[in-house]
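The next block holds one structure in the form of structure tokens; read it before the comments.
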Amino acid sequence: MSVITIERKVLEKNEQIAERNRELFEQRGILVLNLVSSPGAGKTSILEKTFQELRGSMRIAVIEGDVQTDLDAQRVARYGVSVVQIVTLGGCHLEAKLVADALGNLELDGLDLLFIENVGNLVCPANYDLGEALKVVVLSTTEGDDKPLKYPAMFLNSSVLIINKTDLIPYAHCDLDALKRNALQINPALRVFEVSCFTGAGIPEWCDWLRKKDLSGL
Amino acid sequence: MHELGIAQNILQIVQQSVAKELEADVREIRLRVGQLSGIVPDSLEFCFSVIVNETGMKRARLRIEQVPIISRCKECSHRFQMDDLGFSCPECKSVSLELISGRELEVVEIELADGNDEAV
Numbered sequence: 406m407s408v409i410t411i412e413r414k415v416l417e418k419n420e421q422i423a424e425r426n427r428e429l430f431e432q433r434g435i436l437v438l439n440l441v442s443s444p445g446a447g448k449t450s451i452l453e454k455t456f457q458e459l460r461g462s463m464r465i466a467v468i469e470g471d472v473q474t475d476l477d478a479q480r481v482a483r484y485g486v487s488v489v490q491i492v493t494l495g496g497c498h499l500e501a502k503l504v505a506d507a508l509g510n511l512e513l514d515g516l517d518l519l520f521i522e523n524v525g526n527l528v529c530p531a532n533y534d535l536g537e538a539l540k541v542v543v544l545s546t547t548e549g550d551d552k553p554l555k556y557p558a559m560f561l562n563s564s565v566l567i568i569n570k571t572d573l574i575p576y577a578h579c580d581l582d583a584l585k586r587n588a589l590q591i592n593p594a595l596r597v598f599e600v601s602c603f604t605g606a607g608i609p610e611w612c613d614w615l616r617k618k619d620l621s622g623l
Numbered sequence: 003m004h005e006l007g008i009a010q011n012i013l014q015i016v017q018q019s020v021a022k023e024l025e026a027d028v029r030e031i032r033l034r035v036g037q038l039s040g041i042v043p044d045s046l047e048f049c050f051s052v053i054v055n056e057t058g059m060k061r062a063r064l065r066i067e068q069v070p071i072i073s074r075c076k077e078c079s080h081r082f083q084m085d086d087l088g089f090s091c092p093e094c095k096s097v098s099l100e101l102i103s104g105r106e107l108e109v110v111e112i113e114l115a116d117g118n119d120e121a122v
């Protein structure tokens, strides 16, 4: 028997492309956020509220990732932002190459913010760098306060946590303090926002943070 | 959930590392898989066994070394294995921890049969 030493990362190709994406974003001064969550947590609703709040003050584009349909792209296009839809046809996450290809269909000049809305899945997207500045994980109160402990990699690899559907706390039997405690136990550096897309609570604070583009401490 | 894509990446790396005429000699591909990598070893082995049959490496099998989650306390430098995430340092209770291992997903080595091995 003979042995060849390899020592190569399985995802090295993805990481190389992600790094090229990141360089491009940094050169152009675009803040790129990778939005991750389980399906139905409210990523698209948060984007809609964000666009309403930031209309006229920041130039924003979106890359939408879904397994099927361009329904999300249709939803966000109503707010006058540039949008490109990626349909993964079964793929459970976005990869850096898909994002790099999508950039060819976006006008990057003058952009302030680019959101990449990942495929709804709390597992796989955690391990794929797309070239974003940081990952923003959305968790809704109806999913239960134990989710950070059950899907630790996602909360460990994210820098911001948006707790959505706070208006449903009385009905969802969600312990908000326990949710935050669980998330911060996994990742004490998480910046936490509490929002309700139904009432609009918390959206101004989240948008203020976006306007400042202040990533210090994250 | 995406073990099929990972298995394809592993095959590509092996094919880039081994000359075409030696592919039939590949017996074992040694991987390091961290507990935070999101990979289920059984599922990866199953996906690999299916797609490897489409290549010239039909006798290749995976050997997966699972890497535990090891943290180092930033306060007291104590190193410890985390069987569950989110615990504080067992020595000083600090929650300021640095992850030392657990994210790995690497092809480490490839073992090839030599001509002599075939005769045995």
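Chains as they are written, first to last, in the numbering used here: chain A, 406 to 623; chain B, 3 to 122.
Even for Gly, the Cβ is constructed at its ideal location relative to N, Cα and C.
- Distance check between Leu107 (chain B) and each of A:Ala505, A:Glu412 and A:Arg464 places A:Glu412 closest, using alpha-carbon atoms only.
- As for any alpha helix (DSSP H) of minimum length 4 sitting wholly inside the region 430–491 of chain A, the runs are 448–459 and 476–482, ordered along the chain.
- Of B:Phe82, B:Ser73, B:His80 and B:Val110, the smallest CA-CA separation from Leu101 (chain B) is found for B:Ser73.
- Excluding the 5 residues flanking it on each side, Lys448 (chain A) has same chain C-beta neighbours closer than 6 Å at Leu440, Ser442, Glu522 and Val543, in chain order.
- Taking C-beta atoms as the reference points, Ile491 (chain A) and Gly470 (chain A) count as a pair closer than 7 Å.
- When secondary structure is reduced to three states using DSSP, Gly36 (chain B) falls in the strand class.
- Listed along chain B is no residue with a C-beta nearer than 8 Å to that of Asn523 (chain A); the closest approach is about 13 Å.
- Segment contact: the region 543–558 of chain A against the region 579–592 of chain A, three or more CB-CB distances shorter than 8 Å; contact assigned.
- For Leu101 (chain B), DSSP records a beta bridge to B:Ser73.
- Think of a sphere of 8 Å around the beta carbon of Ala21 (chain B): no beta carbon from chain A falls inside it, the nearest being about 10 Å out.
- Among the residues of the region 50–65 of chain B, none has a Cβ less than 7 Å away from any Cβ of chain A.
- Taking Trp614 (chain A) as reference, the option from A:Gly509, A:Cys602, A:Val481 and A:Leu566 with the minimal CA-CA separation is A:Leu566.
- Taking a beta-carbon distance threshold of 7 Å, Gly36 (chain B) does not count as an interface residue toward chain A.
- Under a 10 Å Cβ-count criterion, Arg105 (chain B) is classified as buried, with 16 or more other Cβ atoms of the shown protein chains found around its own Cβ.
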